[in-house]
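Note sheet for the following structure.
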Amino acid sequence: MVATRYVGLGRETTYRTGVASARWAEAGANIGHDQGIVKQEPMTERAFKMWQIGQLNIGGKIGPYKAAPCDILGDLLYGVLGGETVTNPIALVYRHLFAPADTIKSYTLHLGAGVNERKIKGGFVDALTIRLANDKPLEVEADFFSGSAETKETLETPTFTIHQQFSPQAHTTTMFIDAADLASVVYGVEFTIKNNIPKDKRALDSREMITKRIGDREVSGIIKMYFDTFDIYDKMIANPPTSFTLKGKIIHTNFVVDPQPYYLEFELRKCIILKDAAPENKPLKEPLVIEFPFQAFYDTTGGFNAEAKVTLQDSIALYGP
Numbered sequence: 085m086v087a088t089r090y091v092g093l094g095r096e097t098t099y100r101t102g103v104a105s106a107r108w109a110e111a112g113a114n115i116g117h118d119q120g121i122v123k124q125e126p127m128t129e130r131a132f133k134m135w136q137i138g139q140l141n142i143g144g145k146i147g148p149y150k151a152a153p154c155d156i157l158g159d160l161l162y163g164v165l166g167g168e169t170v171t172n173p174i175a176l177v178y179r180h181l182f183a184p185a186d187t188i189k190s191y192t193l194h195l196g197a198g199v200n201e202r203k204i205k206g207g208f209v210d211a212l213t214i215r216l217a218n219d220k221p222l223e224v225e226a227d228f229f230s231g232s233a234e235t236k237e238t239l240e241t242p243t244f245t246i247h248q249q250f251s252p253q254a255h256t257t258t259m260f261i262d263a264a265d266l267a268s269v270v271y272g273v274e275f276t277i278k279n280n281i282p283k284d285k286r287a288l289d290s291r292e293m294i295t296k297r298i299g300d301r302e303v304s305g306i307i308k309m310y311f312d313t314f315d316i317y318d319k320m321i322a323n324p325p326t327s328f329t330l331k332g333k334i335i336h337t338n339f340v341v342d343p344q345p346y347y348l349e350f351e352l353r354k355c356i357i358l359k360d361a362a363p364e365n366k367p368l369k370e371p372l373v374i375e376f377p378f379q380a381f382y383d384t385t386g387g388f389n390a391e392a393k394v395t396l397q398d399s400i401a402l403y404g405p
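FYI, the numbering for the sequence shown is 85 to 405, going by our numbering.
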């Protein structure tokens, strides 16, 4: 069966010059097109009579979708962080270390929409959220933004990854808070890397975003865990509060190559709990749980020089230029 609904991403060599998709995902997307029409306020009668074009904005969500090795996950990670270092531990296996950079790459987004394709060039991964839960595979959701006009094209012929989705339960998973592996008490983690693109900053002579603009980078998240240990709570109630390192890893044990497995690993540094994480007292038949929002901050210890880094090991040779 020919796929007519898909999400495809192609990294652009030249900003706003469209390219074909490099990879695809069987993912949903809600990408809207805003013409930015500026209407003249009626003064002498009730009817609107005059309008002009304003800023052109196209954006929305890719996903959430269940991520797997060799789909668009690596493209989204490179898109939101901007830096990539690749090593080749054995033949046909590549380890991608994605780290923050001061510039990010633009992408052409291809959306299979039934009869035709929506093609959006000059787009950015403005934010990327990774979610791990105790009852479902890894979920990924991206905020995509473009200030360039979209076009209607013929459908591409996508090929999708053959690999099973990353799953915290089906595969080997660790979740370290500092030196302690708390995977047995953490039941949910999510974090978001956000570029805060200034979407309203345009030139006088164009309604499109003709120059790349990015804002402050922000890394924040939520940890959900059973209140079986006071270790993390102690970090919050300390005065002043103390920071921690969050390091998680999912080893794709269903796909191992002689003997290197595919895996996803993330490390967030100098995490500070932002507000109260005290558990609600409940009857004994219910477990005590805590949920706490946190933000990661830039850390130079050991030459880390970042708030967050993500490693993806798969069979893709290169996501970057």
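For each residue, glycine too, the CB sits at the ideal point set by N, CA and C.
None of these values were measured; they are calculated from a predicted model.
Item: Element boundaries [beta strand (DSSP E), containing V164]; Value: Run containing V164: none in the beta strand (DSSP E); it sits in the alpha helix (DSSP H), 157-165.
Item: Contiguous beta strand (DSSP E) assignments of at least 3 residues, all confined to the stretch 268-341; Value: 270-278, 302-310, 328-341
Item: 8 Å Cβ cutoff, E237 in contact with chain D; Value: You won't find chain D in this structure, because it holds only one protein chain.
Item: First and last residue of the uninterrupted beta strand (DSSP E) at Y191; Value: 191-197
Item: Contact between the stretch 313-329 and the stretch 273-290 (3+ Cβ pairs under 8 Å); Value: no
Item: Cβ-based burial, I121 [other Cβ within 10 Å; buried from 16]; Value: exposed
Item: Limits of the unbroken beta strand (DSSP E) element including P148; Value: 141-150
Item: C-beta contact flag for V103 and T213 at 8 Å; Value: no
Item: 7 Å Cβ shell around V91 - same chain, five flanking residues per side excluded; Value: W108, A109, A111, A113, I146, I156, L195
Item: Neighbourhood of L372 by C-beta distance below 6 Å, restricted to the same chain and skipping five residues each side; Value: F311, P363
Item: Beta-carbon proximity list for I334, same chain, < 7 Å, skipping 5 on both sides; Value: L222, F250, P252, H255, T257, Y347, L348
Item: Residue interval of the beta strand (DSSP E) (run including G206); Value: 200-217
Item: Which of helix, strand or coil DSSP assigns to G138; Value: coil
Item: Buried or exposed (CB count within 10 angstroms, at least 16 for buried), D383; Value: buried
Item: Segment limits, beta strand (DSSP E) that includes Q397; Value: 392-398
Item: Unbroken beta strand (DSSP E) run spanning V86, endpoints; Value: Where V86 is concerned, there is no enclosing beta strand (DSSP E), given that its DSSP letter is neither H nor E.
Item: Boundaries of the beta strand (DSSP E) in which Y347 is found, first to last residue; Value: 344-357
Item: Contact between the stretch 181-191 and the stretch 390-402 (3+ Cβ pairs under 8 Å); Value: yes
Item: G94 versus K331: straight-line alpha-carbon distance, rounded; Value: 30 Å
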